[in-house]
Amino acid sequence: QTTLKGKDLLALYELTREEITEILKFAAELKQKQKEGIPHPLLAGKTLAMIFTKSSTRTRVSFEVAMYQLGGYPLFLNGQELQLGRGETIADTARVLSRYVDGIMIRTFAHSDVEELARYADVPVINGLTDLNHPCQILADFQTIIEHKGRLEGLKLAYVGDGNNVCHSLLNGCAKVGMHISVATPKGYEPDAEIVRKAMADARLSGAVVEILEDPCQAVKDADVIYTDVWASMGQEAEHAERLKIFRPYQVNSDLVKRARPDYLFMHCLPAHRGEEVAAEVIDGPNSVVFDEAENRLHAQKAVLALTMG
Ligand code: CP
Ligand code: NVA
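Sequential numbering of the sequence shown, starting at 4, is according to the UniProt record's numbering.
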């Protein structure tokens with residue numbers, strides 16, 4: 004019997020290590036079933052509302068396909084077209100949607116909006132990315148690392164670039180599962196202090212080492228995984244030109260990756276900007292697993308949906 008039934012997935016720091024392991028194990032089973040053509044209609048008759056106030060390719064498509072493959076129905080809702088966009092409260096939206104659907108996935112700006120939605124909804128709420136974190140991405144990333152390396156615990160992941168939502172979820176996820184994480188960001192672009200505090204607390208229990216650095220060379224030294232993300236996230240478009248200059252020394256290129264283990268994995272949540280945060284030779288090179296990550300969004304989220312809404 005899962006402890007995830009009826010639960011929200013807002014941030015990885017709210018899950019136990021056992022719950023993360025359970026999701027990853029079930030994701031692998033569901034992926035196998037899908038590949039073998041074995042039907043698995045675990046959410047037959049159930050509906051997922053998906054609210055987006057930011058752009059998306061992977062999250063939107065993988066959640067829609069996930070619900071279809073689980074025998075349920077996905078409802079795409081553009082946040083700006085809902086009454087929410089005209090001032091209806093989050094609380095009323097949550098209470099109304101809970102009368103129609105069995106789960107809500109939301110991608111938006113403020114994490115506190117998603118927490119408020121979850122507080123008033125009677126159905127599970129899944130975070131499809133906020134300014135603070137991106138838990139579904141990191142579950143798919145962990146599934147990908149296990150596929151290529153056979154484990155998570157004891158590996159070293161280096162995150163190079165902006166201390167953003169993806170960086171935050173990596174910090175919290177690695178700390179939970181016992182994977183060492185070294186983050187290198189320019190001064191002023193470090194991860195959120197409260198996120199780091201939570202990661203350090205979880206790391207003490209799991210045995211993970213959490214390092215917050217400025218030097219990308221030091222971070223990638225002997226890394227098993229090198230991860231980067233865009234330098235300007237959604238909502239930061241106006242800062243793009245300024246960030247290009249500040250982040251230039253943080254590009255993941257063939258020079259930087261030499262310091263990692265020879266069998267390192269290159270990871271990126273996508274969308275990527277070749278020539279900015281990553282050089283084409285790295286993201287399109289033999290160590291890159293970025294499309295496995297993208298694929299695993301589908302399988303990892305099917306596990307989350309089935310376990311929370313099933
Ligand atoms: N990685 C990710 O969440 O991609 P989208 O923005 O395309 O959903
Ligand atoms: N940090 C990026 C991730 C996109 C999937 C953003 O928030 O835009």
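Each residue gets a CB set at the ideal place from its N, CA and C atoms; glycine is no exception. These numbers were taken from a predicted model, which means no experiment stands behind them.
Put simply, of Met182, Thr50, Thr311 and Ala97 the residue whose alpha carbon is nearest the alpha carbon of alanine 161 is Met182. The C-alpha of aspartate 227 lies about 6 angstroms from the C-alpha of leucine 158. Cβ atoms of leucine 135 and histidine 151 stay farther apart than 8 angstroms, at about 28 angstroms. Leucine 208 counts as exposed, since fewer than 16 other beta carbons sit within 10 angstroms of its beta carbon.
Of all alpha-carbon atoms in Arg89, Ile184 and Glu39, the one lying nearest the alpha-carbon of glycine 210 is that of Ile184.
Distance from the C-beta of cysteine 272 to the nearest heavy atom of the ligand NVA is below 8 angstroms. Using a Cβ distance threshold of 9 angstroms, arginine 300 and glutamine 37 do not count as a contacting pair. Within the same chain, Arg277 come within 8 angstroms of alanine 283 by CB-CB distance, once the 5 residues on both sides are set aside. Contact annotation: serine 101 and isoleucine 107 have beta-carbon atoms nearer than 9 angstroms. Following the DSSP letters along the chain, one finds lysine 159 in no alpha helix (DSSP H) but inside the beta strand (DSSP E) bounded by residues 159 to 163. By the neighbour-count definition (other C-beta atoms within 10 Å, threshold 16), alanine 97 is a buried residue.
Distance from the CA of alanine 306 to the CA of alanine 30, rounded to the nearest whole angstrom, comes to 5 angstroms. Straight-line spacing of the CA atoms in leucine 15 and aspartate 218 works out to 26 angstroms. The three-state reading of DSSP puts valine 212 in coil, since its state is none of H, G, I, E or B. Between the ligand CP and the CB of alanine 283, the shortest heavy atom gap is not smaller than 8 angstroms. In the structure shown, valine 233 falls within a coil segment according to DSSP collapsed to helix, strand and coil. For alanine 69, the CB contacts under 7 angstroms within the same chain, skipping 5 residues up- and downstream, are Leu301, Gln304, Lys305 and Leu308 in chain order. Distance from phenylalanine 250 to glycine 176 at the Cβ level is roughly 23 angstroms; contact not present, criterion being Cβ atoms closer than 8 angstroms.
Between the stretch 5 to 15 and the stretch 261 to 277, the count of C-beta pairs closer than 8 angstroms stays below three; the two stretches do not touch. Out of Cys272, Asp258 and Glu298, the CA that lies nearest to the CA of valine 285 is found in Asp258. For glycine 106, the uninterrupted beta strand (DSSP E) segment begins and ends at 106 to 110. Leucine 87 and leucine 78 have their C-alpha atoms some 16 angstroms from each other. Within 10 angstroms of the beta-carbon of serine 58 lie fewer than 16 other beta-carbons, which makes it exposed. DSSP links phenylalanine 269 through a beta bridge to Ile229 and Ser291. Straight across, the Cα-Cα distance linking serine 172 with histidine 137 is about 6 angstroms. Taking 9 angstroms as the cut-off, the beta carbon of glutamine 254 is found no closer than this to the beta carbon of glutamate 296.
Where serine 101 is concerned, the enclosing alpha helix (DSSP H) starts and stops at 93 to 103. Closest in C-alpha terms to glutamate 193, from the list Val180, Thr133 and Leu216, comes Leu216. The beta carbons of alanine 206 and alanine 178 sit about 4 angstroms from each other, so the pair counts as a contact at 8 angstroms. In the DSSP assignment, the residues bridged to methionine 53 are Phe79 and Met108.
Shown here, isoleucine 41 sits in coil according to DSSP, grouped into three states, outside any helix or strand. Of the candidates Leu247, Glu298, Asp11 and Lys49, the residue whose Cα lies closest to the Cα of aspartate 125 is Asp11.
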